[in-house]
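Enquirer: Before I ask anything, here is the structure I am working with.
In UniProt numbering, the protein residues as written are 1 to 285.
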């Protein structure tokens, strides 16, 4: 479900205690806010409560007063909340290598406003995709990777992120492993996409390996990065059935399609404030 352009988003989480839903919804009612969408989830294993509400503001809405009142109301619940204004468009940096399908898909969805974001830079360790970025009038930064001095290259990447004020980094088939230090800096703010094949195939030509094993499913996983390669908290996954008639090139083509769609879905969830980190897992409302 896409977000309405005139609504605020309220997201909050707190320990699981009696009255959490009432604390949020009653406060919105008292402030004259009209709720247009509401989702909540109580995790009985972690004993933590999550809620996301979209609402329309009343006449004379005072944001500072609203925040202060909600902070006071939620204090006894240990509630942490975030308020996102209408027409919010986060600044995004996209990192790529040579494959263009995910980058092309994200830029197209931004252009038609299906993804309400502003891509402020494309960063790559190769020069190949600069024409695509330039066509969209987006700055392109080519930072070649010296295997003997990876920290220097990552420092240049981080400077672009900081200088542009990017709130989200998307690894759209960026084929390099980020250092533990960079992973820590981007914790909860960077999304990666990779293929998902069962059984798992790592290394060179995974789709050829999959073909040789006669796989019947191909898919993709979008997740937040962490220091464990391809094992960060999962945001979205996609899958499609294949059979004996699919050759390696067919599997690769299906993989590209699923990767693009799954990554776009995950980015959309993130920028619409639908994703909550819950230890090593996510709650997507």
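Using N, Cα and C, we set each Cβ at its ideal position, and we do this for glycine too.
Here the structure is a predicted model, which means the values were calculated and not measured.
#1: For residue 156, which residues in the same chain have their Cβ closer than 7 Å to its Cβ, ignoring the five residues on either side in sequence?
#2: With DSSP run on the structure shown, which of helix, strand or coil describes residue 192?
#3: Measure the alpha-carbon distance for residue 46 versus residue 12 and round it to whole angstroms.
#4: Can you list the beta strand (DSSP E) stretches of 3 or more residues lying completely in the region 215-279, in chain order?
#5: Can you give me the C-alpha to C-alpha distance between residue 162 and residue 118, rounded to a whole angstrom?
#6: Taking 8 Å as the cut-off, decide whether the C-beta atoms of residue 251 and residue 224 are in contact.
#7: Cutting at 7 Å between CB atoms, please list the residues of its own chain near residue 207, excluding the five before and the five after it.
#8: Mind checking which residues open and close the alpha helix (DSSP H) that includes residue 101?
#9: Restricting to Cα atoms, I'd like to know which of 114, 189, 130, 271 is closest to residue 88.
#10: Buried or exposed for residue 195, please, with buried defined as at least 16 other CB atoms from any protein chain shown within 10 angstroms of its CB.
#11: Pop quiz: residue 112 and residue 170 are said to be a contact at Cβ under 8 Å. What is the actual Cβ separation, rounded to whole angstroms?
#12: Taking the CB atoms as reference points, tell me whether residue 191 and residue 222 lie closer together than 8 Å.
#13: Let me know if residue 110 comes out buried or exposed under the rule of 16 or more other beta-carbons within 10 Å of its beta-carbon.
#14: Please go through the same chain and pick out, in chain order, the residues whose beta-carbon is closer than 7 Å to the beta-carbon of residue 36, but skip the five residues on each side of it.
#15: Should residue 90 be labelled buried (16 or more other beta-carbon atoms within 10 Å of its own) or exposed?
#16: Could you spell out the range, first to last residue, of the alpha helix (DSSP H) harbouring residue 77?
#17: Would you say the region 147-156 touches the region 77-87, given that touching needs at least three Cβ pairs under 8 Å?
#18: Cβ of residue 172 within 8 Å of Cβ of residue 103?
Expert: So, to answer that:
#1: 143.
#2: DSSP places residue 192 in the strand class (E or B) of the three-state scheme.
#3: Straight-line Cα distance between these residues: approximately 16 Å.
#4: Counting only runs of 3 or more, we get 217-224, 234-241, 275-278.
#5: Between the alpha carbons of residue 162 and residue 118 lies a gap of roughly 15 Å.
#6: It is not a contact, given that the beta carbons lie outside the stated cut-off.
#7: Closer than 7 Å at the Cβ level, and outside the excluded window around residue 207, lie 248, 251, 252, 255.
#8: Run containing residue 101: 101-111, per the alpha helix (DSSP H) assignment.
#9: Of 114, 189, 130, 271, the residue nearest in Cα terms is 271.
#10: Counting Cβ neighbours within 10 Å, residue 195 comes out buried, since at least 16 surround it.
#11: For residue 112 against residue 170, the beta-carbon gap comes to about 17 Å, at or over 8 Å, which does not count as contact.
#12: A contact, by the Cβ cut-off of 8 Å.
#13: Residue 110 comes out buried.
#14: The answer, listed in chain order, is 4, 7, 54, 55, 56.
#15: Buried, because 16 or more other Cβ atoms sit within 10 Å of the Cβ of residue 90.
#16: Residue 77 -> no alpha helix (DSSP H), and no H or E assigned at all.
#17: Contact between the region 147-156 and the region 77-87 is absent, with fewer than three C-beta pairs closer than 8 Å.
#18: Contact flag set, yes.
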